[in-house]
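Structure first, commentary second.
2 protein chains.
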Amino acid sequence: MSGEQRARRYAVIGTGAVGGFYGARLQQAGLSVHFLARSDREVIARQGLDVRSKDGDFSLFPVAVYGDVHEMPRCDVVIVALKTTHNGLLSELLQPVLADDGVVVMLQNGLGSEEAAAAVVGAERVVGGLSFVCAHKLGPGKVHHLDYGQVTLGAYAEGYAPRGVTAAMAAVATDLRAAGIAVEEAEDLLQARWRKLVWNIPFNGLSVILDERTNRMMADPAIRALARALMEEVVQGAAACGRTIPETFIERMLEHTQNMIPYHTSMKLDYDAGRPLEIEAIYGRPLAMAAAAGVDLPRIAVLTRQLQFLDRRRRGL
Amino acid sequence: MSGEQRARRYAVIGTGAVGGFYGARLQQAGLSVHFLARSDREVIARQGLDVRSKDGDFSLFPVAVYGDVHEMPRCDVVIVALKTTHNGLLSELLQPVLADDGVVVMLQNGLGSEEAAAAVVGAERVVGGLSFVCAHKLGPGKVHHLDYGQVTLGAYAEGYAPRGVTAAMAAVATDLRAAGIAVEEAEDLLQARWRKLVWNIPFNGLSVILDERTNRMMADPAIRALARALMEEVVQGAAACGRTIPETFIERMLEHTQNMIPYHTSMKLDYDAGRPLEIEAIYGRPLAMAAAAGVDLPRIAVLTRQLQFLDRRRRGL
Chain W
13 MSGEQRARRY
23 AVIGTGAVGG
33 FYGARLQQAG
43 LSVHFLARSD
53 REVIARQGLD
63 VRSKDGDFSL
73 FPVAVYGDVH
83 EMPRCDVVIV
93 ALKTTHNGLL
103 SELLQPVLAD
113 DGVVVMLQNG
123 LGSEEAAAAV
133 VGAERVVGGL
143 SFVCAHKLGP
153 GKVHHLDYGQ
163 VTLGAYAEGY
173 APRGVTAAMA
183 AVATDLRAAG
193 IAVEEAEDLL
203 QARWRKLVWN
213 IPFNGLSVIL
223 DERTNRMMAD
233 PAIRALARAL
243 MEEVVQGAAA
253 CGRTIPETFI
263 ERMLEHTQNM
273 IPYHTSMKLD
283 YDAGRPLEIE
293 AIYGRPLAMA
303 AAAGVDLPRI
313 AVLTRQLQFL
323 DRRRRGL
Chain U
13 MSGEQRARRY
23 AVIGTGAVGG
33 FYGARLQQAG
43 LSVHFLARSD
53 REVIARQGLD
63 VRSKDGDFSL
73 FPVAVYGDVH
83 EMPRCDVVIV
93 ALKTTHNGLL
103 SELLQPVLAD
113 DGVVVMLQNG
123 LGSEEAAAAV
133 VGAERVVGGL
143 SFVCAHKLGP
153 GKVHHLDYGQ
163 VTLGAYAEGY
173 APRGVTAAMA
183 AVATDLRAAG
193 IAVEEAEDLL
203 QARWRKLVWN
213 IPFNGLSVIL
223 DERTNRMMAD
233 PAIRALARAL
243 MEEVVQGAAA
253 CGRTIPETFI
263 ERMLEHTQNM
273 IPYHTSMKLD
283 YDAGRPLEIE
293 AIYGRPLAMA
303 AAAGVDLPRI
313 AVLTRQLQFL
323 DRRRRGL
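One line per chain: the protein sequences are W and U, in this order.
First residue of the first sequence: 13, per our numbering; consecutive thereafter.
First residue of the second sequence: 13, per our numbering; consecutive thereafter.
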C-alpha cells in the first residue's frame with residue numbers, strides 16, 4: 013500500500029450491482045475510483061452512476077469508466093466484483109491494473125475466488141471480501157440498494173490458512189468505513205466464507221429450483237426443515253475444514269431470513285437474466301473441500317445437480 | 013373367491029387412466045366389470061370407454077358405471093385404482109362392494125396402500141398390485157395407453173411379511189392374462205414395491221421439480237448422476253427393510269429410462285392437472301420405513317421437502 017500520505021486509488025472490476033454500489037460509495041466519499049464495465053460502459057460514461065438506496069439516493073458524474081483494463085491507471089486496491097463464472101479472465105484483468113504494491117479484494121460469492129486470484133498475483137496480495145447486500149441492477153449504471161450492505165474482509169493465505177488482520181486489509185476497511193460501509197475484519201477468511209455459505213447454499217439454490225422468494229419459502233414448513241438440514245450440512249462442511257460454526261448461528265440465520273424483506277437471491281436474478289449460475293463457487297468448491305476432508309454432503313449435492321441441469325437448460329446448452 | 017365355476021366379477025374403484033385401462037381390458041376379455049367414477053360417470057354411461065393403445069384401439073359400450081359404491085353389486089375382486097391421496101376414503105368405498113370372500117387389489121403407487129386397505133378389510137383379503145404402464149386420461153372415459161402395461165401382483169400380510177403366491181392372487185393373475193396383460197406374481201410384495209420405487213423415486217419427483225420429461229433429464233450428466241445416487245438410496249432403504257436389490261438393477265433401470273419414449277411421469281401429470289401429489293406413498297412411507305430401521309435417506313428427503321412445497325403452492329394451500 014502507498015501509506016496514508018495520498019488517498020488510495022481504487023479499481024472496480026465489474027460494474028454490476030455489487031461493484032457499482034461499493035464503487036459509487038467510495039467515489040462519493042472522495043476516493044479516486046476507476047470502473048471497468050463491459051456492455052454498460054458507454055451509458056455510464058455518458059450518464060454516470062445512479063444509486064437508489066434505502067440509505068438515500070445519489071448520483072455520480074462524471075465517472076471514470078473503461079471498457080479495457082489496459083486503459084486504466086494502476087490502482088492500489090483492485091476490487092473484483094465480477095461473477096465468479098468470469099474468473100477465467102482474472103489473469104488478463106488483474107495484471108495491467110494492479111499497482112506493484114497493490115492488493116486485490118475478491119468481492120465474490122462462495123469459495124475459491126482467492127485461490128484463483130492468488131494464482132495470478134500471489135497469495136500475499138489477495139484479500140477476500142464478502143458482501144452482505146441486497147442490491148440489483150436496474151439498468152446500465154443504475155443500482156438499486158434494497159437492504160444491508162456490510163462487507164467482511166479477510167486476508168488470504170495459501171490453503172486458506174488464517175492470516176489475521178493485515179495492514180492492507182485494515183487500510184481497505186478504513187476506506188470502506190469512510191464511505192459509510194459497515195466492515196467486519198475477519199481473522200480467518202475461510203471461516204467467514206463458510207459462515208456466509210450457511211445462508212447462500214440453501215437459499216440461492218432453492219430460490220432457483222423452486223422459483224420462489226425467501227419469504228414464501230420460509231413460510232412453508234417443508235422448506236424451513238430443508239433449509240435447516242442444508243445449513244447443518246454446511247456446518248459439517250466447515251467442520252471438515254477445521255472451522256467451527258455454532259448451532260446457534262443456524263437459528264439466527266433462519267430467524268433472520270424469516271424477517272427479511274421478500275427477496276430474490278443473486279442466483280435467482282442470474283437465472284432469470286439468463287446469466288450463468290455461480291454453481292462452482294457456491295456449491296462445487298465447498299463440496300470438493302469437504303470431500304477432500306472425507307465428508308459427504310448429500311443434500312447439498314442434490315441441489316448442485318439440480319442447479320447444473322437448470323443452468324444448462326436455461327442457457328440452451 | 014368363488015372358484016372357477018363362474019367368472020369372477022370385478023369392481024374398479026377409480027376410473028382414471030390406470031383403472032380405465034385395466035378395467036376395459038378385463039371387460040373386453042368377457043368379464044363382468046363394474047366401474048366407480050366420480051366426475052366422469054355421466055360421460056362414461058353415455059359413451060362408454062375408449063382406449064387408444066399401442067396394442068390396438070378399442071371401445072366398449074355399454075359400460076356398468078356408478079357414481080355411488082352403494083349402487084354397485086358385490087364383487088369378487090375390487091381393484092382400487094384411485095390415487096393414494098384418496099385412501100382416506102377406503103373404509104367407505106370397500107365395505108359395500110367387496111363380496112364376503114372377495115379380495116381387494118391395491119393397484120397404486122408407492123408404499124402403504126395395502127396397510128390402509130388391510131385396516132378396513134383385513135390383511136388376508138388384500139393383494140398388492142403394481143402397474144408398469146405409460147398411460148394417461150385424454151378426457152372422461154378416454155384413455156391413452158402409450159407403452160408397457162405389465163402388472164405385478166403380490167399378496168399382503170401384516171407388516172409386509174412375504175406371503176408367497178396365494179390362490180386369490182393367482183386367480184386375478186389368470187384373469188389379467190386372459191385380458192392380454194402380462195402379469196408377474198411376486199412372492200414378496202414389499203420387495204416388489206421397493207423395486208418399483210427405484211424408478212419412481214428419482215423420476216416422479218425430478219420431473220415435477222425440474223419440470224421436465226424423462227428423456228431430457230437422462231440426457232444431462234448431472235441428472236443421470238443424481239438419479240443414480242437416488243436409486244442407490246432406494247436400494248439402501250430396501251436393505252433396511254431386509255430386501256436386497258442388486259446393483260445391476262440400477263444399471264438396468266437407467267438404461268431402460270434412456271431408451272424410453274419421452275414421457276411425463278404420473279406425478280408430473282398430477283402436478284400439471286393441479287391434483288394432489290402422491291408424496292406420502294412414494295416418498296413419505298419409504299422414508300418412514302427406512303427411518304424406523306435406523307436408516308437415513310438424505311437425498312430422497314430433499315426431494316420430498318421440495319415436492320411438499322411445490323404441491324402446496326400449486327394448490328394454493
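The C-beta atom is built at its ideal place from N, Cα and C for all residues, glycine as well.
CB-CB length for residue i against residue j, believed under 8 Å
i        : j        : result
Val89/W  : Gly114/W : 6 Å
Val92/W  : Leu119/W : 6 Å
Ile56/W  : Gly176/W : Contact flag wrong, Cβ pair sits at about 37 Å.
Pro298/W : Asp323/W : Not really, about 17 Å apart at Cβ, beyond 8 Å.
Ile262/U : Val210/U : 7 Å
Tyr160/U : Cys146/U : 6 Å
Val45/U  : Val24/U  : 6 Å
Val117/W : Val184/W : 6 Å
Gly249/U : Arg37/U  : Gly249/U to Arg37/U, Cβ: 33 Å. No contact.
Gly26/W  : Leu61/W  : Incorrect: roughly 14 Å between the Cβ atoms, too far for contact.
Tyr295/W : Thr269/W : Actually they do not touch by this definition, with Cβ atoms about 19 Å apart.
Tyr283/W : Arg225/W : Rounded, the Cβ-Cβ distance is 13 Å, inconsistent with contact.
Ala252/W : Pro214/W : With 8 Å as the limit, Ala252/W and Pro214/W do not qualify as a contact, their Cβ atoms being about 18 Å apart.
Met243/U : Met279/U : With 8 Å as the limit, Met243/U and Met279/U do not qualify as a contact, their Cβ atoms being about 16 Å apart.
Within chain W, partners of residue i - CB distance below 7 Å
i        : result
Ala237/U : Arg317
Neighbour list for residue i in chain U, Cβ cutoff strictly below 7 Å
i        : result
Gln320/W : Ala234
Cβ-heavy atom distance, residue i to the ligand HEM, below 7 Å
i        : result
Ala194/U : Because no ligand of any kind appears in the structure shown, any question about the ligand HEM cannot be addressed here.
Partners in chain U for residue i, counting only beta-carbon separations shorter than 9 Å
i        : result
Arg311/W : Pro310, Arg311, Ala313 and Val314
Chain W residues whose Cβ lies nearer than 9 Å to that of residue i
i        : result
Leu222/U : Ile221, Gln318, Phe321, Leu322 and Arg325
Residue i burial status per 10 Å Cβ neighbour count (16 or more: buried)
i        : result
Leu150/U : exposed
Ser7/U   : Residue 7/U is absent from the model: chain U starts at 13 and stops at 329.
Leu188/U : buried
Thr260/U : exposed
Gly166/W : buried
Gly32/U  : buried
Gln318/W : buried
Glu292/W : buried
Gln203/U : buried
Arg21/W  : buried
Thr164/W : buried
Gln162/W : exposed
Arg311/W : buried
Arg205/W : buried
Leu329/W : exposed
Arg327/U : exposed
His157/U : buried
Ala302/U : buried
Residue range of the unbroken alpha helix (DSSP H) whose run includes residue i
i        : result
Tyr34/U  : Ala29 to Gln40
His268/U : Glu259 to Gln270
Thr186/W : Ala179 to Ala190
Ile213/W : Leu201 to Ile221
Val133/U : Ser125 to Val133
Val307/W : That residue, Val307/W, is in no alpha helix (DSSP H); it is neither H nor E in DSSP.
Arg228/U : Thr226 to Met230
Met118/U : That residue, Met118/U, is in no alpha helix (DSSP H); its beta strand (DSSP E) goes Leu110 to Leu119.
Val247/U : Pro233 to Ala252
Where the beta strand (DSSP E) containing residue i begins and where it ends
i        : result
Ser51/U  : Segment: none, Ser51/U is in no beta strand (DSSP E) and carries neither H nor E.
Asp323/W : Taken as a continuous stretch (DSSP letters only), Asp323/W belongs to no beta strand (DSSP E), being part of the alpha helix (DSSP H) at Pro310 to Arg326.
Thr164/U : Lys154 to Ala167
Tyr275/W : Taken as a continuous stretch (DSSP letters only), Tyr275/W belongs to no beta strand (DSSP E), as it is neither H nor E.
Glu170/U : Run containing Glu170/U: none; DSSP gives neither H nor E here.
Leu150/U : Val138 to Gly151
Asp88/W  : Cys87 to Val92
Leu329/U : Here Leu329/U belongs to no beta strand (DSSP E), and DSSP marks it neither H nor E.
is_contact[residue i, chain B] using C-beta, thresh 8 Å
i        : result
Ala302/W : Considering every chain present, this structure includes no chain B. Its protein chains are W and U.
> Are at least three pairs of beta-carbons, each pair with one atom in the stretch 125-133 of chain U and one in the stretch 39-49 of chain U, less than 8 Å apart?
Replying inline: no
>> Assess contact between the stretch 63-80 of chain W and the stretch 46-55 of chain W, defined as three or more Cβ pairs (one per stretch) separated by less than 8 Å. Is contact present?
In response: They touch, by the three-pair rule.
> Is the stretch 192-202 of chain U close to the stretch 227-234 of chain U, with three or more CB pairs under 8 Å?
Replying inline: no
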